[in-house]
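Just below is one structure, and these are the notes that go with it.
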Amino acid sequence: MLGEILDTFRKQNLRKGAKERLNTLPEEFKRRASLSICQHLLHYLQSLPTPPSSLLGYIPQSEEPDTKPFYREVASSFPTLPIGFPRVEEKDLAFYLWMSKTLPGDAPVESPPDPAWEIGSFGIPSPSPSLPQFGKDIPWGDSSLVLVPGRVFDRQGGRIGRGKGYYDRFLRALRQKGIDVRAVGICFTIQIVEEVPRTESDEPIDHLITEEGVL
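Counting along the sequence shown from 1, when you hit position 32 you're at 32 in this note's numbering, and nothing is skipped either side.
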């Protein structure tokens, strides 16, 4: 019990430190680093022995690496690869098929709202629930490449998110179905620490991609 309390306290401190470091990054650095991350992501996808059955991404928040150029390139270079984005439904993540090939922020401000997107939990753009849903309308298939955001990472597969456990529950459920999951954490190098405290409920990531490459 005491160990869990201490781990929670350590995670809170690591989140706070990461947020402070992220706030110091110049916008131009984030732009260049994000493009490098997208290039490393594309090379990682191209290097897989067999293509995944699905690519599950996320819409980055302002302080996170901008992965949107990667999604656009994948849609162009891998037109048959289903791409999904998440929305929070109660306490879980549900992924919906990206069909419009437009992303939040693509259209001019004065344009009508894109019906494929809506503002979801925590003010994050989320796909419309009217779209086909993975696991219901679309089968998961044999394998899935899952991009995982986070506040803090280490080089041993540890990750700290925002404290809600959405990705831990989602990855665990997917792995329990017997699906070959490649969970790839996305972050700036400044978000990496020596060691992240881990509990039984924390799901590991398989690889980590930063502006410096694949770790």
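Just so you know, even glycine gets a beta-carbon here, dropped at the ideal spot from N, CA and C. Keep in mind that this is a model prediction, so the values were computed, not measured.
From what residue to what residue does the beta strand (DSSP E) around isoleucine 209 run? Here residue 209 corresponds to residue number 209 of the sequence shown, with the count starting at 1. Isoleucine 209: member of the beta strand (DSSP E) spanning 207-210, first to last residue.
Residue ranges of each beta strand (DSSP E) run of no fewer than 3 residues wholly in the stretch 163-195, ordered along the chain? Within the stretch 163-195, the complete beta strand (DSSP E) runs of at least 3 residues fall at 180-186.
Cβ shell of aspartate 137 (< 8 Å), same chain only, five flanking positions each side left out: Here residue 137 is taken as the residue at index 137 of the sequence shown, counted from 1. The residues are Leu97.
My parser needs the beta strand (DSSP E) runs of 3 or more residues fully inside the stretch 103-167; what are they? Counting only runs of 3 or more, we get 117-119, 125-127 and 143-148.
Determine the closest residue to glutamate 64 out of Asp106, Gly178 and Ile124, with distance taken between C-alpha atoms. Start at 1 with the first residue of the sequence shown, and residue 64 comes out as number 64. Of Asp106, Gly178 and Ile124, the residue nearest in Cα terms is Ile124.
Within its chain, find whatever has a CB closer than 7 Å to the CB of isoleucine 83; leave out the 5 residues flanking it on each side and keep chain order. Along the sequence shown, one-based indexing puts residue 83 at 83. Cβ within range, chain order: Leu55, Gly57, Tyr71, Val74, Ala75 and Trp98.
If we ignore side chains and look at the alpha-carbon of each, how far apart do isoleucine 190 and lysine 19 end up? Your numbering for residue 190 matches position 190 in the sequence shown. Your numbering for residue 19 matches position 19 in the sequence shown. When rounded, the distance between both Cα atoms is 10 Å.
Opposite glycine 213 in the DSSP bridges: which residues? As a working note, residue 213 is residue 213 in the sequence shown. According to the DSSP secondary-structure assignment, glycine 213 is paired through a beta bridge with Thr210.
Simplified DSSP state of serine 36, which is helix, strand or coil: Along the sequence shown, read from residue 1 onward, the residue named residue 36 stands at position 36. In the structure shown, serine 36 sits in a helix (DSSP, three-state: H, G or I).
Under the DSSP definition of a beta bridge, which residues are partnered with glutamate 89? Stepping through the sequence shown from its first residue, residue 89 is reached at position 89. Residue pairing from DSSP places glutamate 89 in a beta bridge opposite Asp92.
Considering only C-alpha positions, which residue in the set Val214, Pro52, Pro112 and Leu42 is nearest to glycine 155? As a working note, residue 155 is residue 155 in the sequence shown. In the sequence as presented, glycine is not what sits at residue 155; that position holds arginine. It is Val214 whose Cα lies nearest to the Cα of arginine 155.
Mapping DSSP to helix, strand and coil, what is leucine 48? For the purposes of this step, residue 48 is identified with residue 48 of the sequence shown, where counting begins at 1. In the three-state scheme derived from DSSP, where H, G and I count as helix and E and B as strand, leucine 48 is classed as coil.
Which listed residue (Gly150, Ala173, Glu212 and Val184) has its alpha carbon closest to that of valine 196: Taking the first residue of the sequence shown as position 1, residue 196 is located at position 196. Comparing alpha carbon positions, the residue from Gly150, Ala173, Glu212 and Val184 closest to valine 196 is Gly150.
Taking a contact to mean a Cβ-Cβ separation below 8 Å, would you say aspartate 180 touches aspartate 142 in this structure? Looking up residue 180 in the sequence shown gives position 180. Looking up residue 142 in the sequence shown gives position 142. Result yes, Cβ atoms of aspartate 180 and aspartate 142 sit closer than 8 Å.
So the beta strand (DSSP E) serine 54 belongs to, where does it begin and stop? The residue labelled residue 54 in the question sits at position 54 within the sequence shown. Segment 54-56, the beta strand (DSSP E) holding serine 54.
Kindly give me the distance between the Cβ atoms of glycine 120 and arginine 87, rounded to whole angstroms, as I take these residues to be in contact under 8 Å. By one-based count along the sequence shown, residue 120 stands at place 120. By one-based count along the sequence shown, residue 87 stands at place 87. Between glycine 120 and arginine 87, the beta carbon gap of about 5 Å places them in contact (Cβ cut-off 8 Å).
Which residues does DSSP list as the beta-bridge partners of glycine 17? Residue 17 sits at position 17 when you count from the first residue of the sequence shown. Its beta-bridge partners do not exist; DSSP assigns none.
Can you tell me which residues form a DSSP beta bridge with isoleucine 83? On the sequence shown, position 83 is the one that residue 83 refers to. For isoleucine 83, which the question treats as bridged, DSSP gives the partners Leu55.
Alpha carbon of leucine 35 to alpha carbon of threonine 80, nearest angstrom: Your numbering for residue 35 matches position 35 in the sequence shown. Your numbering for residue 80 matches position 80 in the sequence shown. So the alpha carbons of these two residues sit roughly 24 Å apart.
One question on the structure: do phenylalanine 153 and leucine 93 come within less than 8 Å of each other, judged by their Cβ atoms? Taking the first residue of the sequence shown as position 1, residue 153 is located at position 153. Taking the first residue of the sequence shown as position 1, residue 93 is located at position 93. Going by C-beta atoms, phenylalanine 153 is not nearer than 8 Å to leucine 93.
Give the single residue among Ser47, Lys91, Phe122 and Thr210 whose Cα lies nearest to the Cα of aspartate 168. In the sequence shown, residue 168 corresponds to position 168, counting from 1. Ranking Ser47, Lys91, Phe122 and Thr210 by Cα distance to aspartate 168 puts Lys91 first.
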